[in-house]
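Accompanying notes for the structure given below.
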Ligand SMILES: Nc1ncnc2c1ncn2[C@@H]1O[C@H](COP(=O)(O)OP(=O)(O)O)[C@@H](O)[C@H]1O
Ligand SMILES: [Mg+2]
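Chains as they are written, first to last, in my numbering: chain F, 162 to 411; chain Z, -7 to 245; chain G, 9 to 274.
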């Protein structure tokens, strides 16, 4: 939007909303919305505390392991599905099912199988991320320009060279976009996992705060979480744009 | 004769359920019933009616939440897509919501609205709304400019352009946003039954876990996933049917 | 269709017979100067082509005449009235057809009338007539995606004709159809100009097409955008559709235009 010929940057309205929040908080309309300034004051207070750092590191650990596993398993699976019709027809129905299934329902199963701990949260995270990664890697391989592959054959490329020089790079924009969406889902997965298995990470912190009605603490943690999730998603979108400049030109 | 792809689908089902059965017989874990045991439990739940009363309970916040999100979300999305000012004001909220782990709001909602229906409807709404709003807004924004120019050149009023061109042109994407919203709503509905208070299917899951009746627990989970997947697939089919050819009409060939 | 002309159209018209007149029209898109002080007259009942390399502002000029975008400065008059926006005296035929994919051929053709508030039975009767005229009888209930590119453009043409505007604005209407269809279209267009007594403003980047169909050709050049030349291929106009392409004058004019345009093609 432009005001007096000056273009306002994209997310600048959040400042306005922050102001609204502050006013609502100051007016004391509801106990659940403390002033934003108080939330930020608390944020700086708790950000260095051991409890917060522990929650953060546990979450980061579960998230990191889960996402790594999802990528390490998902990308090769997707590429194989794109290359082999039989494998594709066997696996695709399941990928589609789990892509749209409410995976929260599986968390209780993970809890009884893997215990109320880190393992279950890591698996939840990976389960949220993996399906879209598979699907996009598959789509990336399937859209590869046939004439590009034929060109490589004409110039005598070995299968391995064809894979590393053509398939991987051609499919990269799709793979990355799958990873981006997968990571965003993983963020939600790791939090859902922690909420349901609420003795680890932020899940435990939320229990503590809500049991003691510490509203500013609660909001402070929420803001940190949302800001981190948003930054991760923007960072990945930026990386994706850097790589996929050629995607449209294939 | 059934087609190759149908046969492969059946084969795929047989492999997975077969593996489940074998893993349950080994057993890989004391909490891992076989496929057949789970299906028997599902049949029992269905026969004594528990399953259906549970679904009536579970689907209520889901339906309410989705309905509210659809009405509010589409209206907001249209507004955002049509007005640059609204876009500036509201888009960032939904963009942040889209990437944020909104489940973290649940403890807060419970504090504010208690453990009843309201909280659950709220959970479904915050999960379903962002994708509905953002899809609607971007569909409106991406209406082919030649179509709006056409309507303007034939003297269409602003309202005409919106009602007769922009909304119909956007409806396939709005519909798929709705489908994604419902998918997210399912996640929210189940999450709230597991986290807030065990009711409906969430109650079957939690209760049978507590008495170590794992077959019933797996059966309930199996049924809710099956229901969600079938329903969403049905919507997708409907979408393909309703908007057949919609995206091809104005490309040149 | 008959190729005869009601009256000899190819003489320089009187001032009163100017249907559309642009005076010193300029258009800037930010820092891009799309048109600079462009003045051009479009005689009534004739077909004027705007010919030039892509990016020289043909579409921009056409949309300004249509009232879809405002000029930065200058004036457009249609039958003496200054243009301030879209009006009932002008109808547009779009390069990409601009058909509603969710509407049948009948509704698409009647859409212009629908927007003008014409009652349903009336507008459908009119639309049916024009659907027949453009040769699409029997396709009333089809949808755009079921038609070929050429048929889609006939729908676009029927829609523009059905509102009975004096001036028809056509932005590269035949560029998205195959060569055979395109030739048929060109012949039909000649007949249309002869029979409909409308003013046609026709954008094209094909030299042959411009010479074949036009009473007057305005050659537009970029950097800065301007009308470099106005050519009236008078001698070939009454030769009949089948003979034009063999006429020496036709070939001469094509050559001459190419000579003046070639330096702008990189
Ligand atoms: N909406 C727009 N914004 C900015 N520049 C534009 C826009 N439309 C056209 N232009 C520029 O104006 C010039 C003329 O464009 P156009 O009228 O489409 O040319 P033509 O139809 O002759 O190919 C081009 O340089 C084009 O890049
Ligand atoms: Mg153009």
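Backbone N, C-alpha and C define an ideal beta-carbon position, used for all residues, glycine too.
| request: Measure from the alpha carbon of residue 219 of chain F to the alpha carbon of each residue in F:293, F:361, F:182 and F:176, then state which is nearest. | output: F:361
| message | Closest to residue 105 of chain G by C-alpha separation, out of G:174, G:95, G:143 and G:155, would be which residue? | response | G:155
| query | Beta-carbon of residue 201 of chain Z versus every beta-carbon of chain F: anything under 7 Å? | reply | yes
| request: Spatial neighbours of residue 178 of chain Z within its chain, please: CB distance less than 6 Å, with the 5 preceding and 5 following residues excluded, ordered by chain position. | output: 220
| request: Output yes or no for whether 7 Å exceeds the beta carbon distance between residue 34 of chain G and residue 80 of chain G. | output: yes
| request: Out of G:117, G:86, G:93 and G:125, point me to the one whose CA is closest to residue 101 of chain G's CA. | output: For the options G:117, G:86, G:93 and G:125, the alpha carbon positioned closest to that of residue 101 of chain G is the one of G:117.
| Thinking just about the alpha-carbon of each residue, which of Z:124, Z:211, Z:181 and Z:184 is nearest to the one in residue 165 of chain Z? | Z:124
| Can residue 228 of chain F and residue 298 of chain F be called in contact, C-beta distance under 7 Å? | No.
| Beta-carbon gap between residue 82 of chain Z and residue 72 of chain Z smaller than 7 Å | Their beta carbons are under 7 Å apart, which means residue 82 of chain Z touches residue 72 of chain Z by this criterion.
| field | Nearest-angstrom Cα separation, counted from residue 209 of chain Z out to residue 25 of chain Z | value | 10 Å
| Can you tell me whether residue 238 of chain G is buried or exposed, with buried defined as 16 or more other CB within 10 angstroms of its CB? | exposed
| query | Are the segment 377 to 387 of chain F and the segment 307 to 318 of chain F in contact at 8 Å, needing three or more beta carbon pairs? | reply | Touching, no, given that fewer than three Cβ pairs across the two stretches are closer than 8 Å.
| From this set, F:221, F:246 and F:189, which residue's C-alpha is nearest residue -3 of chain Z's C-alpha? | For residue -3 of chain Z, the nearest C-alpha among the options comes from F:246.
| field | Exposure label - residue 40 of chain G; buried when at least 16 CB within 10 Å | value | Burial call: exposed.
| How is residue 184 of chain G classed by DSSP in three states: helix, strand or coil? | coil
| field | Rounded C-alpha distance that separates residue 82 of chain G from residue 49 of chain G | value | 14 Å
| When you compare only the Cα positions, how much space is there between residue 122 of chain G and residue 93 of chain G? | 19 Å
| Alpha carbon of residue 153 of chain Z to alpha carbon of residue 28 of chain Z, nearest angstrom | 57 Å
| At a cut-off of 6 Å, is residue 40 of chain G close to ligand 1 when judged by its beta-carbon and the heavy atoms of the ligand? | Answer for residue 40 of chain G: yes, Cβ within range of ligand 1.
| Should residue 190 of chain G and residue 107 of chain G be called a contact, given that it needs their Cβ atoms to be closer than 7 Å? | no
| message | So, does the segment 201 to 218 of chain Z touch the segment 258 to 268 of chain F, judging by three or more C-beta pairs under 8 Å? | response | yes
| CB of residue 169 of chain G within 7 Å of CB of residue 138 of chain G, strictly | yes
| request: Indicate the three-state DSSP secondary structure (helix, strand or coil) for residue 283 of chain F in the structure shown. | output: helix
| said: Against chain G, with Cβ distances strictly below 7 Å, would residue 160 of chain Z count as a contact? | reply: The Cβ of residue 160 of chain Z sits closer than 7 Å to at least one Cβ of chain G.
| task | Go ahead and pull the three-state DSSP assignment for residue 159 of chain Z. | result | helix
| query | Is the segment 350 to 361 of chain F close to the segment 91 to 102 of chain Z, with three or more CB pairs under 8 Å? | reply | yes
| query | Within 7 Å (strictly less), CB to CB, does residue 174 of chain F reach chain Z? | reply | Under the Cβ criterion of 7 Å, residue 174 of chain F is counted among the residues facing chain Z.
| query | When you compare each of G:265, G:220 and G:132 to residue 253 of chain G by their alpha carbons, which one comes out closest? | reply | G:220
| task | Please confirm if residue 187 of chain Z has its CB atom under 7 Å from at least one CB of chain F. | result | yes
| request: Take residue 240 of chain Z and list the residues in its own chain whose beta-carbon comes closer than 8 Å to its own, dropping the five residues that flank it on each side. | output: In this prediction, residue 240 of chain Z has a pLDDT of 43, which is less than 50 and means its spatial position is unreliable; what the coordinates show is noted afterwards. Within the same chain, residue 240 of chain Z has no close Cβ partners at all.
| What residue from G:157, G:224, G:99 and G:64 has the CA that sits closest to residue 124 of chain G's CA? | Looking at the Cα atoms, G:99 is the closest of the given residues.
| task | Give every residue of the same chain whose Cβ lies closer than 6 Å to the Cβ of residue 70 of chain G, excluding the five residues on either side of it in the sequence, and list them in chain order. | result | 177, 179 and 211
| query | When the Cα atoms are used, what is the spatial distance from residue 119 of chain G to residue 89 of chain G? | reply | 26 Å
| field | Rounded straight-line distance, which links the Cα of residue 100 of chain Z to that of residue 372 of chain F | value | 11 Å
| task | Report yes or no: do the segment 35 to 49 of chain Z and the segment 169 to 178 of chain Z share at least 3 C-beta pairs separated by less than 8 Å? | result | no
| said: Given 6 Å as the limit, tell me if residue 66 of chain G has its C-beta closer than that to any heavy atom belonging to ligand 2. | reply: yes
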